Amino acid sequence: VVAFGAPEPAHDYEPFVQASPFTYLAGLREPDVALVLVKRGGATAGTIFVTPSDPAREVWSGARVGLDGARRRTGLAARPSAELPAVLDSLAALGLPFHVVGDVETATARGEGVRTRDEQRVDALRRAHPGLRVAPATH
115 VVAFGAPEPA
125 HDYEPFVQAS
135 PFTYLAGLRE
145 PDVALVLVKR
155 GGATAGTIFV
165 TPSDPAREVW
175 SGARVGLDGA
185 RRRTGLAARP
195 SAELPAVLDS
205 LAALGLPFHV
215 VGDVETATAR
225 GEGVRTRDEQ
235 RVDALRRAHP
245 GLRVAPATH
C-alpha cells in the first residue's frame, strides 16, 4: 500500500489541508508525506516518508515533525521524502502490486487530460515497470 499525503500549498499564505485518507492512516498533518506498507509472506513493514526538519525553511512553511518526530508519532521507520521515488522503484522491480491511496484515477474518470501529482507518480512507475499492477486502494 502506498498512501500519498497532500502537497505543500503553492503559496506560503495558503493554508495546508491534509488529505483525509492519509490523516486516517498515518495521523500526520503536514505536506509532502507518504506512507508505504509492505506485506510479504507473514511479515508486514511500514515506513513513513517526511520532509526533514529545517528551521530556516520552517520560518515560512511552519514547523515539521522531522524524522524523529515521525518515528515517535507513528511508531514506524521514517525516511526523508526525497528517498520515496527510489523505494517505490525498488518495490516495483520486485513485482509487488501497488494499492494506492491518493488522488489517482480521477483525471480519467473526469474525462480530462490533466494528471494529478499522485497520478504522475504512478504513471512514472508504470513507464519504468510496464507489468506493474496498480489499483486504487479506495475501491
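Letter by letter, the sequence shown follows residues 115 to 253 in my numbering. Even glycine gets a Cβ: it sits at the ideal position worked out from N, Cα and C. Predicted model, so just to flag it, every value in this text is computed and none were measured.
Asked: Candidates 158, 174, 127, 121: which alpha carbon is nearest residue 164's?; Found: 121
Asked: Quick check on the DSSP output: the alpha helix (DSSP H) that includes residue 169 runs from which residue to which?; Found: 169-175
Asked: Among residues of its own chain, excluding the 5 on either side of residue 130, which ones have a beta-carbon nearer than 6 Å to its beta-carbon?; Found: 123, 145
Asked: Could you tell me the distance, in whole angstroms, from the CA atom of residue 221 to the CA atom of residue 246?; Found: At residue 221 the pLDDT is 48, less than 50, meaning the model places this residue with poor confidence; the figure from the coordinates comes in the next sentence. So the two alpha carbons sit approximately 20 Å from each other.
Asked: So within the stretch 192-239, which uninterrupted beta strand (DSSP E) runs reach at least 3 residues, ignoring any that extend past its ends?; Found: 212-215
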